[in-house]
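From first to last, the protein sequence lines stand for chains A and B. Position 4 (the first sequence) corresponds to 4 in the UniProt record's numbering; numbering is contiguous. Position 162 (the second sequence) corresponds to 162 in the UniProt record's numbering; numbering is contiguous. I have placed the structure first, in the form of structure tokens, so that the comments after it can refer back to it.
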Amino acid sequence: MSEPILSVKDLQIEFKSGSIVTKAVNGVTFSLNENESLGIVGESGSGKSVTATSILRLIPNPPGKITGGEIIFKGKNLLTLSNREIREIRGNEISMIFQDPSTSLNPVFTVGNQIIESIRTHKAVSKKEARELAIKMLELVGIPAPEKRIDMYPHEFSGGMRQRVMIAIALSCDPKLLIADEPTTALDVTVQAQILNLMKELQAKLNMSIIMITHDLGVVWETCDKIIVMYAGRVVESGTVAELYKNSLHPYTWGLLDSQITESQNNLKPLATIPGSPPDLSFEVKGCPFVERCPYAQTVCFEKTPQLMEPTKGHAVACHFQTSDQKLERKEDAYFDGSTT
Amino acid sequence: MKGFLYKRILQLIPTLLIVAIIVFFITRMLPGDPAAVMLGPQASAEDIAAYSEKLGLNEPLHKQFFDYLINLATFDFGNSLTYNRPIMDLIIERFPNTIILAVSALLLAVMIGVPAGIIAARKQNTIIDYSVTTLSLIGVSMPIFWLGVMLVLYFSVNLGWFPATGMGSLEEGFGSFIRHLILPSVALATIPTAEFARIIRSSMLETISQDYIKTARSKGLKEFKVINKHAFKNALTPLLTVIGLQFSGLLGGAVLTETIFSWPGMGLLIVDAIEKRDFVVVQSTVIFIAVIYVVINLIVDILYKVVNPKVNLDSNSGGGK
Numbered sequence: 001m002s003e004p005i006l007s008v009k010d011l012q013i014e015f016k017s018g019s020i021v022t023k024a025v026n027g028v029t030f031s032l033n034e035n036e037s038l039g040i041v042g043e044s045g046s047g048k049s050v051t052a053t054s055i056l057r058l059i060p061n062p063p064g065k066i067t068g069g070e071i072i073f074k075g076k077n078l079l080t081l082s083n084r085e086i087r088e089i090r091g092n093e094i095s096m097i098f099q100d101p102s103t104s105l106n107p108v109f110t111v112g113n114q115i116i117e118s119i120r121t122h123k124a125v126s127k128k129e130a131r132e133l134a135i136k137m138l139e140l141v142g143i144p145a146p147e148k149r150i151d152m153y154p155h156e157f158s159g160g161m162r163q164r165v166m167i168a169i170a171l172s173c174d175p176k177l178l179i180a181d182e183p184t185t186a187l188d189v190t191v192q193a194q195i196l197n198l199m200k201e202l203q204a205k206l207n208m209s210i211i212m213i214t215h216d217l218g219v220v221w222e223t224c225d226k227i228i229v230m231y232a233g234r235v236v237e238s239g240t241v242a243e244l245y246k247n248s249l250h251p252y253t254w255g256l257l258d259s260q261i262t263e264s265q266n267n268l269k270p271l272a273t274i275p276g277s278p279p280d281l282s283f284e285v286k287g288c289p290f291v292e293r294c295p296y297a298q299t300v301c302f303e304k305t306p307q308l309m310e311p312t313k314g315h316a317v318a319c320h321f322q323t324s325d326q327k328l329e330r331k332e333d334a335y336f337d338g339s340t341t
Numbered sequence: 001m002k003g004f005l006y007k008r009i010l011q012l013i014p015t016l017l018i019v020a021i022i023v024f025f026i027t028r029m030l031p032g033d034p035a036a037v038m039l040g041p042q043a044s045a046e047d048i049a050a051y052s053e054k055l056g057l058n059e060p061l062h063k064q065f066f067d068y069l070i071n072l073a074t075f076d077f078g079n080s081l082t083y084n085r086p087i088m089d090l091i092i093e094r095f096p097n098t099i100i101l102a103v104s105a106l107l108l109a110v111m112i113g114v115p116a117g118i119i120a121a122r123k124q125n126t127i128i129d130y131s132v133t134t135l136s137l138i139g140v141s142m143p144i145f146w147l148g149v150m151l152v153l154y155f156s157v158n159l160g161w162f163p164a165t166g167m168g169s170l171e172e173g174f175g176s177f178i179r180h181l182i183l184p185s186v187a188l189a190t191i192p193t194a195e196f197a198r199i200i201r202s203s204m205l206e207t208i209s210q211d212y213i214k215t216a217r218s219k220g221l222k223e224f225k226v227i228n229k230h231a232f233k234n235a236l237t238p239l240l241t242v243i244g245l246q247f248s249g250l251l252g253g254a255v256l257t258e259t260i261f262s263w264p265g266m267g268l269l270i271v272d273a274i275e276k277r278d279f280v281v282v283q284s285t286v287i288f289i290a291v292i293y294v295v296i297n298l299i300v301d302i303l304y305k306v307v308n309p310k311v312n313l314d315s316n317s318g319g320g321k
């Protein structure tokens with residue numbers, strides 16, 4: 001295989017608030033090849049968005065700070081670039097779309113203005129050429145009557161259409177990598193599928209890699225090749241989608257799988273939940289970060305932090321048992337505690 | 001837009017009518033008999049009575065009131081009692097001077113206050129931010145009569161850089177005109193400058209944390225453009241409101257500033273008229289100022305639409321379509 005287009009090594013990110021330091025991301029490592037799509041999954045506060053936002057160095061500083069690690073994109077470490085150099089990559093080689101399209105577009109400028117601005121920041125084209133390109137982009141993302149819609153303001157578009165506009169802005173300079181931070185979370189279920197299909201379609205057309213941040217495993221199964229599962233700022237499991245779908249190993253991943261709403265969900269059966277909440281990362285986490293919520297936890301889990309290891313090639317997991325001989329047996333009702341309905 | 005304009009202009013009528021009523025009765029309640037004051041302490045009772053008769057002050061109040069309304073409706077403000085000239089002439093003579101002072105103070109306030117507020121918001125919780133917030137707190141609480149006198153003392157009396165009072169005419173040269181203008185403008189601009197800085201700081205802080213700012217950065221825009229294009233235009237709405245209020249206040253005549261610097265504007269005209277019990281002038285100028293207020297408010301409302309395309313003027317102007 002060729003050189004990966006992006007590789008993140010041992011990323012460390014802290015947020016400082018007064019004297020409290022929260023280790024939001026702790027030693028995250030992954031890589032991504034050309035045309036590949038990677039899903040980063042985890043619940044709120046797992047560090048998935050922070051990880052993705054840090055790639056373009058968009059974490060507000062203060063309070064956030066990247067304290068260690070490397071982000072290598074096409075052979076360059078993005079963390080050591082000058083402000084000017086990173087600006088040349090933003091929106092040009094790496095683009096980003098965000099969760100809520102109703103707040104991520106500027107309400108006081110027309111969508112055309114916002115697309116053209118992006119194009120003219122990175123390409124030496126005239127206003128007229130940029131406008132034509134912008135219309136073409138709107139057409140590409142499936143907005144009807146783009147010559148007319150280009151002069152409208154974001155509030156004149158529906159939620160799904162706004163996300164299409166965001167995608168048009170993001171893709172207007174042919175990026176090699178698109179980072180999508182929960183791009184469908186704020187949308188209606190029916191529109192979600194449209195946006196995901198559009199992204200898949202455009203990925204094939206435009207030859208780009210995608211990082212999809214989501215808490216919805218269903219989105220990952222549908223759109224990604226690889227997946228990393230994050231918990232408490234660390235990667236707890238990673239591998240190909242095909243592998244993880246069938247043979248996931250980490251108890252946390254099992255919990256996420258169990259708590260999905262599926263079509264065959266028996267109405268009488270309560271929805272599975274992972275009890276408790278993630279550890280407070282402003283304290284040193286002793287042992288496995290998931291230990292408090294893990295139905296399989298044993299003494300060793302409280303004492304030692306498990307390292308991410310690869311029991312099988314291409315499938316890594318951070319769990320004391322799953323990387324040794326004494327494999328855990330997945331219990332079907334581990335996350336049904338009966339207290340929730 | 002057109003419907004909005006018609007409706008707003010129609011709404012002006014009741015507003016101004018109420019103003020006219022209040023002004024009329026308040027001027028009638030002022031202590032001191034205008035005729036007695038105007039004729040001076042030596043005047044005899046007969047003279048005062050005759051003069052009252054001439055002014056129409058002996059007519060029943062309701063008749064005075066209706067005459068006054070009819071005059072207003074026909075834009076006939078009558079003659080000043082002290083100047084013996086049509087009040088309209090006085091206003092036409094004085095108002096441009098007030099406009100000059102008001103515009104110059106407003107420009108000064110916008111040019112200093114707005115950038116200061118933006119910088120404070122950009123550098124939140126730094127020494128720069130603290131200096132701007134402290135200075136603007138001092139600015140809004142600064143008594144103008146004190147500041148004006150201090151400016152005169154220091155820059156005119158001690159340093160002799162600027163004339164202490166009066167207004168330079170353009171015939172004497174542009175330099176003299178500007179030198180006369182500087183001190184009153186600075187005095188008059190102090191409070192608006194501080195207020196603009198505070199408003200723009202807080203609204204910039206709010207917009208800077210919005211998602212579309214992250215989007216703008218993710219597009220690779222320069223920080224200057226992110227702040228001055230994407231954040232600033234969103235932060236403008238509250239600023240416009242305050243600019244409108246301040247400007248109509250300034251146009252109404254900066255009574256204190258004009259008095260300190262003997263600036264021959266509307267403020268000085270009103271103060272003079274009050275002292276001399278020239279109630280006709282007081283009542284006409286106050287109504288004139290009220291008209292200025294409502295017109296500027298209307299302009300601000302229209303500007304909201306220019307700044308924020310989400311504002312729908314037609315549905316905002318109260319009921320109906």
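Beta carbons are placed, not taken as given, at the ideal position from N, Cα and C, and that holds for glycine.
CA-CA distance, B:Gly-117 to B:Phe-145, rounds to 25 Å. Secondary structure at B:His-62: helix, using DSSP grouped into helix, strand and coil.
Contact between the stretch 96-109 of chain B and the stretch 188-197 of chain B is present: 3 or more CB-CB pairs across the two stretches fall below 8 Å. Per the coordinates, the alpha-carbon of B:Phe-224 lies some 28 Å from the alpha-carbon of A:Glu-156. Of the other Cβ atoms in all chains shown, fewer than 16 fall within 10 Å of the Cβ of B:Tyr-130; this residue is therefore exposed. Burial is judged here by how many other beta carbons sit within 10 angstroms of a residue's own beta carbon; A:Asn-92 has at least 16 and is buried. The beta carbon of B:Gly-160 does not come within 7 Å of any beta carbon belonging to chain A, so the residue lies off that interface. Its chain contains Gly-287 as the residues whose beta carbon lies nearer than 6 Å to that of A:Glu-303, once the 5 sequence neighbours on both sides are disregarded; these appear in chain order.
The C-beta of B:Asp-301 has 16 or more other C-beta atoms within 10 Å across all chains shown, which makes the residue buried. Leaving aside the five residues that flank A:Phe-73 on each side, the residues in its chain whose CB is nearer than 6 Å to its CB run, in chain order, Leu-6. According to DSSP, residue pairing for A:Glu-14 in a beta bridge involves A:Lys-23, A:Lys-65. Contacts between A:Thr-103 and chain B, judged by CB atoms closer than 7 Å, involve Gln-210, Asp-211, Tyr-212 in chain order.
With a beta-carbon spacing of about 16 Å, B:Leu-55 and B:Pro-86 fall beyond the 8 Å limit used to define contacts. The beta carbon of B:Asn-125 is closer than 7 Å to none in its chain, skipping five residues each way along the sequence. Under the DSSP assignment, B:Met-142 falls outside any alpha helix (DSSP H); it carries neither an H nor an E label. Within the same chain, and ignoring the five residues on either side of A:Ser-17 in sequence, the residues whose Cβ sits closer than 6 Å to its Cβ are Pro-63. Using a Cβ-Cβ distance cut-off of 8 Å, the stretch 231-238 of chain B and the stretch 260-278 of chain B are not in contact, since fewer than three pairs of beta carbons, one from each stretch, lie closer than that value. Contact with chain A is absent for B:Arg-28, since none of that chain's Cβ atoms lies less than 7 Å from the residue's Cβ.
The three-state secondary structure of A:Thr-273, taken from DSSP, is coil. For B:His-180, the enclosing alpha helix (DSSP H) stretches over residues 174-208.
Shown here for A:Leu-79: same chain residues with a beta carbon closer than 8 Å to its own, the five before and five after excluded, namely Arg-57, Ile-66, Gly-69, Glu-70, Ile-71 in chain order.
Residues of the same chain with a CB within less than 7 Å of the CB of A:Gln-194, apart from the 5 flanking positions on each side, are Gly-160 in chain order. Going by DSSP, B:Arg-94 is part of the alpha helix (DSSP H) stretching over 87-122. Annotation note: the stretch 66-133 of chain A contains the following uninterrupted beta strand (DSSP E) runs of length 3 or greater, listed N- to C-terminal: 94-97.
Measuring C-alpha to C-alpha distances from A:Leu-133 to each of A:Asp-174, A:Ile-86, A:Glu-3, A:Tyr-153 identifies A:Asp-174 as the nearest. A:Asn-61 sits away from B:His-230, with the two beta carbons spaced by 7 Å or more. When rounded, the separation of the alpha-carbon atoms in A:Glu-243 and B:Leu-303 is 59 Å. For B:Gly-244, the closest of B:Ile-178, B:Glu-195, B:Gly-267, B:Lys-276 by C-alpha to C-alpha distance is B:Glu-195. According to the DSSP assignment, A:Thr-305 belongs to no alpha helix (DSSP H), since it is labelled neither H nor E. Using a C-beta cut-off of 8 Å, the stretch 302-319 of chain A makes contact with the stretch 232-241 of chain A, since at least three inter-stretch Cβ pairs fall below that distance.
For B:Arg-122, no Cβ of chain A is located within less than 7 Å of the residue's own Cβ. Residue-level contact check: A:Phe-98 touches chain B, since one or more beta carbons of chain B fall below 7 Å from its beta carbon. For B:Lys-233, the nearest beta carbon of chain A is closer than 7 Å to its own beta carbon.
Chain-order list of chain B residues neighbouring A:Ser-118: Lys-219, by C-beta distance under 7 Å. The shortest C-alpha to C-alpha distance from A:Asn-83 to any of B:Asp-89, B:Arg-217, B:Pro-41, B:Ile-18 is the one to B:Arg-217. With contacts defined by Cβ atoms closer than 7 Å, A:Ser-282 and A:Thr-53 do not form a contacting pair.
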